[in-house]
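A.B. asks: Residue numbers (my numbering): 2 to 473.
Each residue gets a CB set at the ideal place from its N, CA and C atoms; glycine is no exception.
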Ligand SMILES: Cc1cc2nc3c(=O)[nH]c(=O)nc-3n(C[C@H](O)[C@H](O)[C@H](O)COP(=O)(O)OP(=O)(O)OC[C@H]3O[C@@H](n4cnc5c(N)ncnc54)[C@H](O)[C@@H]3O)c2cc1C
Ligand code: FES
Ligand code: FES
């Protein structure tokens with residue numbers, strides 16, 4: 002059974018809104034698909050119609066207008082990380098975006114999708130909540146702007162009608178006297194949903210705290226602020242006794258649940274620790290310490306911008322005659338019968354490109370990594386109709402005739418392969434990394450392959466292979 006029946010690719014906001022009005026609760030917007038495809042696979046949602054807004058013009062801009070930052074819903078996590086405006090004027094948002102998943106998830110996953118999924122563990126909500134963000138929704142009926150505390154109504158519940166979509170996120174930029182930080186505890190450093198996350202924004206007049214905002218994620222049905230902890234900080238220098246007091250108050254305010262990732266008690270203690278660390282880092286002006294100076298994105302030279310489409314809305318029906326037309330490894334391909342599949346299934350089943358591997362089917366392993374219009378993505382989380390009009394490269398497209406790509410050769414020379422199941426994914430990530438950063442540091446390599454898992458070789462030889470290819 003296909004996961005959807007009809008897949009629309011509108012090319013304008015108006016056309017997307019018209020489709021939403023026409024199909025109502027039968028339809029769902031899809032942006033990067035990194036949440037929605039997992040939900041469809043697990044049967045959490047079952048819309049008949051998907052409306053893919055990822056080719057619509059004008060929804061991926063970041064603009065600083067006076068002291069307000071305007072961010073389009075299609076801006077990806079990696080684009081938030083890469084944006085000078087976001088790093089300089091909304092640094093905790095850049096930190097939160099950097100903490101999402103791993104590079105290929107950050108290339109497709111969007112801010113709008115993160116906000117609409119509305120899990121209290123979703124990382125970008127917390128800093129935007131602390132900074133006073135708002136969401137603008139539009140439908141054919143009109144437009145409205147809701148501050149975050151009104152937009153969010155509970156766990157995965159938001160005030161958004163089925164015919165509405167997010168068209169903009171606005172947030173007051175940090176003023177010159179303000180600094181902020183986002184911290185998260187996950188079960189590991191990449192590909193880890195927050196057990197707890199924290200955003201703290203402070204304004205300083207000299208050494209004295211003049212304003213404080215503390216937001217906690219993953220400890221209640223929605224993000225919460227902690228007014229009593231904020232008040233205890235204001236009007237005084239940020240001394241350790243105040244920091245401890247605020248951390249205790251934050252821990253007491255949290256009302257977390259037990260779940261698969263952590264127990265409630267543990268979460269409460271982590272809140273105290275994270276708030277303490279956040280405040281200490283701000284007191285010592287170390288908030289940017291762990292943020293990479295030159296993070297790898299795995300988007301090569303594209304800046305992470307996927308080409309937008311012009312012209313009429315494209316429709317692909319499951320069982321319909323509309324083909325998916327794209328180039329794969331430089332060849333024009335016309336595929337029929339894949340309108341209800343993922344790109345991974347289309348590449349393997351319809352085009353016989355079995356170098357693209359399925360490990361998990363949920364974005365967790367990186368074995369299915371391919372390049373979509375020059376950007377590394379996970380093909381298990383890309384609907385096949387999204388490839389219409391796009392350029393795809395798979396591991397089969399890397400060698401030049403008989404000559405392997407230098408990174409493929411380096412994997413052989415370094416013995417970086419055992420069963421080989423993960424290898425195509427690592428190589429697709431690795432080659433993209435080298436295209437972007439010719440001589441990556443060890444740290445950049447680790448960031449670059451953070452979304453690729455290997456169960457048998459281990460990572461030393463893989464890292465050495467990438468270093469060797471870079472050297473050559
Ligand atoms: C392996 C893995 C790791 C992850 N790690 C993290 C993590 O560490 N932290 C984290 O916060 N998230 C994480 N995520 C979740 C996910 O990547 C993000 O939430 C992402 O930002 C979702 O954006 P998207 O564009 O992919 O959304 P989609 O999947 O396209 O859509 C998500 C939801 O938003 C709706 N939607 C999207 N855009 C709009 C719009 N403009 N208007 C109205 N509705 C819209 C869709 O209908 C859908 O309900 C992870 C996901 C995976 C698979
Ligand atoms: S990430 Fe796509 S199969 Fe695992
Ligand atoms: S070589 Fe076997 S999973 Fe990596």
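What residue ranges within the stretch 394–435 form continuous alpha helix (DSSP H) runs of no fewer than 4 residues, ordered along the chain?
C.D. replies: 407–415
A.B. asks: Comparing alpha-carbon positions, which option in 56, 384 and 37 lies nearest residue 312?
C.D. replies: 56
A.B. asks: Closer than 8 Å by C-beta to residue 437: which residues in its own chain qualify, once you throw out the five before and the five after it? Chain order, please.
C.D. replies: Hits under 8 Å: 297, 298, 299, 300, 301 and 302.
A.B. asks: So what does residue 163 bridge to, in DSSP terms?
C.D. replies: None, per the DSSP bridge assignment.
A.B. asks: Please state whether DSSP places residue 54 in a helix, a strand or coil.
C.D. replies: Three-state DSSP puts residue 54 in coil, outside helix and strand.
A.B. asks: Taking C-beta to C-beta, are residue 52 and residue 30 nearer than 8 Å?
C.D. replies: Contact flag set, yes.
A.B. asks: Tell me the DSSP bridge mates of residue 183?
C.D. replies: 200
A.B. asks: Counting C-beta neighbours from all protein chains within 10 Å, is the total for residue 241 16 or more, i.e. buried, or is it exposed?
C.D. replies: exposed
A.B. asks: Per the DSSP calculation, residue 31 is bridged to which residue(s)?
C.D. replies: 53
A.B. asks: Please specify which runs of the alpha helix (DSSP H), each continuous and at least 4 residues long, are wholly inside the stretch 261–285, giving them in chain order.
C.D. replies: 265–284
A.B. asks: Take every Cβ of the stretch 211–225, pair it with every Cβ of the stretch 130–149, and state whether three or more of those distances are shorter than 8 Å.
C.D. replies: yes
A.B. asks: Out of 198, 94, 213 and 109, state which residue places its alpha-carbon closest to the alpha-carbon of residue 170.
C.D. replies: 94
A.B. asks: Can you tell which of 260, 354 and 182 has its C-alpha closest to the C-alpha of residue 219?
C.D. replies: 260
A.B. asks: DSSP beta-bridge partners for residue 144?
C.D. replies: 139
A.B. asks: Does the beta-carbon of residue 367, which I'm using as the reference point, lie nearer than 7 Å to any heavy atom of ligand 3?
C.D. replies: Every heavy atom of ligand 3 is 7 Å or more from the Cβ of residue 367, so no.
A.B. asks: Suppose the cutoff is 7 Å on Cβ atoms and the five residues either side in sequence are ignored; what does the same chain contact list for residue 26 look like?
C.D. replies: 163
A.B. asks: Since residue 36 sits in a beta bridge, which residues does DSSP pair it with?
C.D. replies: Per DSSP, none; premise fails for residue 36.
A.B. asks: Which of the three DSSP states, helix, strand or coil, is assigned to residue 456?
C.D. replies: In the three-state reduction of the DSSP assignment, residue 456 falls in the coil class.
A.B. asks: Consult DSSP for residue 66 and reduce its assignment to one of helix, strand or coil.
C.D. replies: Here residue 66 sits in strand by DSSP.
A.B. asks: Among 428, 10 and 342, which residue has its Cα nearest to the Cα of residue 394?
C.D. replies: Checked all of 428, 10 and 342; the closest Cα to residue 394 is 428.
A.B. asks: Determine contact between the stretch 337–350 and the stretch 413–430, defined as no fewer than three beta-carbon pairs at a distance below 8 Å.
C.D. replies: no
A.B. asks: Please report the distance separating the alpha-carbon of residue 201 from that of residue 280.
C.D. replies: 7 Å
A.B. asks: Between which two residues does the alpha helix (DSSP H) harbouring residue 209 extend?
C.D. replies: For residue 209, no alpha helix (DSSP H) run applies; the uninterrupted beta strand (DSSP E) run containing it begins and ends at 209–218, by DSSP.
A.B. asks: In terms of residue numbering, what span does the alpha helix (DSSP H) encompassing residue 78 cover?
C.D. replies: 78–83
A.B. asks: Going by alpha carbons, who is nearest to residue 310 out of 5, 10 and 3?
C.D. replies: 10
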